[in-house]
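There are 2 protein chains.
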Amino acid sequence: MTETHQTHGPAALDVTGVVDPSSAPSATDQASLSELRDIPQATVTRLATYLRVLGVLADRDTTTVSSEELAAASGVGSAKLRKDLSFLGPNGVRGVGYEVARLHARIAGALGLDRVHNVVLVGVGNLGQALARYPGFARRGFSLVGLFDSDPERIGVSVGDLVVRHVDELEQACLELEATLGVISTPDEAVQEVADRLVRAGLRCILSFSPTLLDVPDNVETRQVDLAVEMQVLSFNGARNIENGPSSSASSSSNSPSSTSPRNGSVIAP
Amino acid sequence: MTETHQTHGPAALDVTGVVDPSSAPSATDQASLSELRDIPQATVTRLATYLRVLGVLADRDTTTVSSEELAAASGVGSAKLRKDLSFLGPNGVRGVGYEVARLHARIAGALGLDRVHNVVLVGVGNLGQALARYPGFARRGFSLVGLFDSDPERIGVSVGDLVVRHVDELEQACLELEATLGVISTPDEAVQEVADRLVRAGLRCILSFSPTLLDVPDNVETRQVDLAVEMQVLSFNGARNIENGPSSSASSSSNSPSSTSPRNGSVIAP
DNA sequence: GCGACTTTGTGCAGGGGTTCACAAGCAGTT
DNA sequence: AACTGCTTGTGAACCCCTGCACAAAGTCGC
Chain G
103 MTETHQTHGP
113 AALDVTGVVD
123 PSSAPSATDQ
133 ASLSELRDIP
143 QATVTRLATY
153 LRVLGVLADR
163 DTTTVSSEEL
173 AAASGVGSAK
183 LRKDLSFLGP
193 NGVRGVGYEV
203 ARLHARIAGA
213 LGLDRVHNVV
223 LVGVGNLGQA
233 LARYPGFARR
243 GFSLVGLFDS
253 DPERIGVSVG
263 DLVVRHVDEL
273 EQACLELEAT
283 LGVISTPDEA
293 VQEVADRLVR
303 AGLRCILSFS
313 PTLLDVPDNV
323 ETRQVDLAVE
333 MQVLSFNGAR
343 NIENGPSSSA
353 SSSSNSPSST
363 SPRNGSVIAP
Chain S
103 MTETHQTHGP
113 AALDVTGVVD
123 PSSAPSATDQ
133 ASLSELRDIP
143 QATVTRLATY
153 LRVLGVLADR
163 DTTTVSSEEL
173 AAASGVGSAK
183 LRKDLSFLGP
193 NGVRGVGYEV
203 ARLHARIAGA
213 LGLDRVHNVV
223 LVGVGNLGQA
233 LARYPGFARR
243 GFSLVGLFDS
253 DPERIGVSVG
263 DLVVRHVDEL
273 EQACLELEAT
283 LGVISTPDEA
293 VQEVADRLVR
303 AGLRCILSFS
313 PTLLDVPDNV
323 ETRQVDLAVE
333 MQVLSFNGAR
343 NIENGPSSSA
353 SSSSNSPSST
363 SPRNGSVIAP
């Protein structure tokens with residue numbers, strides 16, 4: 103159902119015609135710019151999770167969802183979810199729940215995902231190729247626009263629908279492609295140099311898969327994924343669980359086979 | 103007190119004679135079993151980072167390191183590092199610093215990494231192959247012992263020095279291979295079924311690269327890496343940094359708060 | 001129109017984690 | 001031997017986050 107009330111939606115339906123046409127900051131955009139500083143870090147991470155779950159719900163034409171359901175599908179407590187959402191202002195209707203499409207748009211706007219981000223990837227080895235073919239990027243607001251490597255054997259090779267270019271073209275290409283986010287999946291030795299190039303090209307967000315620490319200016323945000331660290335923490339927590347004994351642990355399992363299924367039996371079950 | 107021998111290997115090649123071969127509860131192992139419940143979650147994650155940095159330092163024959171140096175190389179504050187280490191008991195010498203080899207062994211013991219963990223990987227697609235060839239696993243205490251997939255075209259293919267087996271053999275093979283950790287890099291639809299199999303095989307640690315939430319018993323520890331979430335959080339933090347203005351950004355990245363070292367101390371700079 | 005039910009949004013208490021600042025302790029020097 | 005300089009380990013305040021419990025606000029049935 104696409105019935106549009108006179109809600110303060112985007113500038114799509116202009117009846118007055120007097121509205122400034124070009125920039126026209128919509129309500130969501132305006133709010134995101136003014137509020138994003140107040141959102142706690144832990145909440146931001148979970149908002150991204152809620153966004154994914156809401157996307158799945160939207161694909162199933164689910165129109166509304168309660169905090170209890172959404173929380174269970176996201177693996178968190180319902181109170182925490184409501185508090186997280188409260189940082190974005192009122193989003194739901196009491197007694198009913200949240201409108202899936204509206205909440206999805208609200209979170210996406212707050213996270214700056216209402217516009218697509220162009221991503222360049224440097225280092226097209228095993229991991230880089232896997233990332234380049236990963237379908238989740240395009241589905242979640244990111245568009246891969248450039249692949250780069252320094253190995254002559256890889257230059258010119260097609261991966262997905264892109265052709266690998268030499269890393270010397272990186273700075274120039276970032277400007278042309280209007281890239282806003284860089285992913286580094288090179289060997290450890292080359293990571294810092296690639297990061298320097300990305301910074302020189304004006305990129306302010308860098309995701310690295312190398313465990314080495316990046317040295318970048320303060321206004322550049324970095325994030326690294328270290329697979330070995332993940333496994334080490336996992337292994338330790340597993341040992342702790344066993345030590346603790348499986349007596350009472352409030353794990354985050356979404357299993358709720360209660361008979362209360364008026365509309366939807368399983369909320370998220372791909 | 104285990105004195106510092108000059109052996110590089112983890113254990114098992116000492117000539118000291120009478121050592122219980124099976125469990126050999128050294129001081130480190132004993133301590134880890136009694137203390138691991140008290141270590142905060144955030145500290146555990148950072149301990150894994152310290153361990154990696156210490157490994158690099160050891161490769162360079164660095165014998166001692168101060169908390170300031172190790173903290174800078176790890177991207178944290180020195181006070182936080184000292185508090186983290188304090189959960190393992192006294193580890194350093196006042197006025198001098200930490201002995202690299204000794205601290206490395208201490209952390210590895212506390213994290214349960216003094217013995218190698220056997221890992222099975224399910225889903226040998228693009229990402230799975232990249233993981234299978236990732237050299238960081240073996241270097242950091244994990245041994246990949248089995249690859250599995252359901253695609254008939256992939257069965258029998260060699261990846262690295264392993265041969266892909268059918269996922270139907272998973273439960274049996276996990277027991278034979280004495281696997282303790284499972285990695286899932288299958289498409290989203292198959293993740294839950296694979297997780298169920300791993301649980302039936304007795305695995306208690308599962309690392310998933312799918313964004314879907316796993317439903318597992320309480321005594322099974324799971325951890326998931328969602329690349330899109332990482333990028334979304336990164337993008338948001340970048341926008342927040344810009345909004346904040348580059349004047350006074352107390353970012354959560356590797357920015358050293360003290361004004362003494364504008365550059366990286368080059369302790370770790372490959 | 002009104003009462004009952006459902007669900008959101010939030011104030012508040014409690015815990016966990018971070019940071020500061022300093023006492024405690026060791027090495028080298030006088 | 002005592003002093004100086006340096007570094008670890010830690011007590012304590014502070015801040016962020018979490019979870020509970022409940023009022024506010026809407027819908028449904030009559």
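For the protein sequence lines, the chains are G and S, in the order given. My numbering applies: residue 103 is where the first sequence begins, and numbers increase by one. My numbering applies: residue 103 is where the second sequence begins, and numbers increase by one. Just so you know, even glycine gets a beta-carbon here, dropped at the ideal spot from N, CA and C.
- In summary, the residues of the segment 326 to 343 of chain G whose CB is separated from some CB of chain S by less than 7 angstroms are Val-327, Leu-329, Ala-330, Val-331, Glu-332, Met-333, Gln-334, Val-335, Leu-336, Ser-337, Phe-338, Asn-339, Gly-340, Ala-341, Arg-342 and Asn-343, in the order they occur in the chain.
- Excluding sequence positions up to five before and after Val-293(S), its CB lies within less than 8 angstroms of the CB of Ile-286, Ser-310, Ser-312, Thr-314 and Leu-316, all in the same chain and listed in chain order.
- For the segment 220 to 246 of chain G, residues whose beta-carbon sits nearer than 9 angstroms to a beta-carbon of chain S comprise Val-221, Gly-227, Asn-228, Leu-229, Gly-230, Gln-231, Ala-232, Leu-233, Ala-234, Arg-235, Tyr-236, Gly-238, Phe-239, Arg-241, Arg-242, Gly-243 and Phe-244.
- Here DSSP, grouped into helix, strand and coil, assigns Ser-188(S) to helix.
- According to the DSSP assignment, Val-247(G) belongs to the beta strand (DSSP E) that extends over 244 to 251.
- Between the segment 212 to 223 of chain S and the segment 193 to 200 of chain S there are fewer than three inter-stretch CB-CB distances shorter than 8 angstroms, so the stretches are not counted as touching.
- Beta bridge pairing from DSSP links Arg-325(G) with Leu-309(G).
- Taking every protein chain shown into account, the CB of Glu-323(G) has 16 or more other CB atoms within 10 angstroms, so this residue is buried.
- The closest CA to that of Tyr-236(S), considering only Asp-290(G), Val-261(G) and Ala-275(G), is found on Asp-290(G).
- Comparing alpha carbon positions, the residue from Pro-142(S), Arg-148(S) and Asp-140(S) closest to Gln-334(G) is Arg-148(S).
- Around the beta carbon of Ile-344(S), fewer than 16 other beta carbons sit within 10 angstroms, so the residue counts as exposed.
- Along the segment 297 to 316 of chain S, going in chain order, the ones with a CB nearer than 7 angstroms to a CB of chain G are Arg-306, Cys-307, Leu-309, Pro-313, Thr-314 and Leu-315.
- For Thr-166(G), the three-state secondary structure derived from DSSP is strand.
- Taking a C-beta cut-off of 7 angstroms against chain G, the contacting residues of the segment 278 to 299 of chain S are Leu-283, Asp-290 and Glu-291, listed in chain order.
- With a cutoff of 8 angstroms on beta-carbon distance, Leu-215(G) and Gly-243(G) are scored as near each other.
- The C-alpha of Ala-234(G) lies about 33 angstroms from the C-alpha of Gln-143(S).
- Between the segment 244 to 254 of chain S and the segment 244 to 257 of chain G, the count of Cβ pairs shorter than 8 angstroms is below three; the stretches do not touch.
- With the rule of 3 Cβ pairs closer than 8 angstroms, the segment 296 to 303 of chain S counts as touching the segment 263 to 279 of chain S.
- Looking at the backbone, the Cα of Leu-336(S) and that of Pro-319(S) are separated by about 32 angstroms.
- Distances from the alpha-carbon of Gly-304(G) to those of Gly-230(G), Gly-284(G) and Thr-288(G) put Gly-284(G) closest.
- One finds Pro-313, Asp-328, Ala-330 and Val-331 in chain G with Cβ atoms closer than 8 angstroms to the Cβ of Arg-154(S), taken in chain order.
- Only residues of its own chain outside the window of five on either side were considered, and among them Asp-186 and Phe-189 have a CB closer than 7 angstroms to the CB of Thr-145(G), listed in chain order.
- For Leu-159(G), the three-state secondary structure derived from DSSP is helix.
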